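Residue numbers (my numbering): 351 to 535.
In structure tokens:
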């Protein structure tokens, strides 16, 4: 797949087959992730990869309960209260991209790595989705302990991966709003 095709075709996938992804496939995706640029070439990203179904389900339940305690949106509260809603959409893999330590650019650096990971997954016919509903829980002491995240590491990007049950539908994009400032202006 060409890069621009992967950029155009990558979508947030929310329905996965239960197929376990091979460790070598995940290692390849992580190798793609670490090709991202980072501020002052700090390369701060660290990775926690969860492929254990029981642990994924437990994290999903606990993240859902954690978010429900503080959620103000009625629509999100309704979704989080639904016993059938799985925060990770039953994906077989969770990759948490964390910064090695707090830094002014940790979110940007880890986000760039996450985008590389998701584009590489798309290139291999895999689906991905950044699960914002789990972020606060994964940053909590309980979430960090459950995943064995070392002290100092800061979870930034929880990305689920797997084989999509069906192709993601196209999503129309608005025309970009651009203000040009150049010599011709």
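Just so you know, even glycine gets a beta-carbon here, dropped at the ideal spot from N, CA and C.
All figures in this text were calculated on a predicted structure; none of them were measured in a lab.
Check your understanding: Do residue 456 and residue 399 have their C-beta atoms within less than 8 Å of each other?
Key -> no
Review point. Which residue from 377, 392, 440, 395 puts its Cα closest to that of residue 364?
Key: 440
Point to revise | Option in 428, 407, 434 with minimal Cα separation from residue 496 | key: 407
Review point. In or out: residue 355 buried (at least 16 other Cβ within 10 Å) or exposed?
Key: exposed
Check your understanding: To which residues does DSSP link residue 396 through a beta bridge?
Key -> Secondary-structure assignment with DSSP links residue 396 through a beta bridge to 448.
Practice item. Please confirm whether residue 383 and residue 466 have their CB atoms less than 8 Å apart. Key: yes
Exercise for review: Mind checking which residues open and close the alpha helix (DSSP H) that includes residue 477?
Suggested key: First-last for residue 477: 477 to 480, but that is the beta strand (DSSP E), not the alpha helix (DSSP H).
Exercise for review: Could you spell out where the alpha helix (DSSP H) holding residue 430 opens and where it closes?
Suggested key: Membership of residue 430 in the alpha helix (DSSP H) is indicated by the continuous run 424 to 431.
Exercise for review: Would you list the residues sitting across from residue 366 in a DSSP beta bridge?
Suggested key: 514
Check your understanding: Exposed or buried, residue 326, counting other C-beta atoms within 10 Å across all chains shown (16 or more means buried)?
Key -> Because the chain in this structure spans residues 351 to 535, residue 326 falls outside the shown range and cannot be described.
**Study point:** In DSSP terms, what residue 509 is bridged to
**Key:** Under the DSSP definition of a beta bridge, residue 509 partners with 445, 480.
**Study point:** Among 414, 395, 482, 410, the one whose alpha carbon lies nearest that of residue 502
**Key:** 395
**Study point:** Beta-bridge pairing of residue 504 - partner residues as DSSP gives them
**Key:** 449
**Study point:** For residue 387, the nearest candidate out of 426, 488, 486, 460 (CA to CA)
**Key:** Ranking the options by Cα distance to residue 387, first place goes to 460.
Check your understanding: Is residue 466 helix, strand or coil when you go by DSSP?
Key -> helix
Review point. So which of 513, 443, 511, 483 has the shortest CA-CA distance to residue 429?
Key: 483
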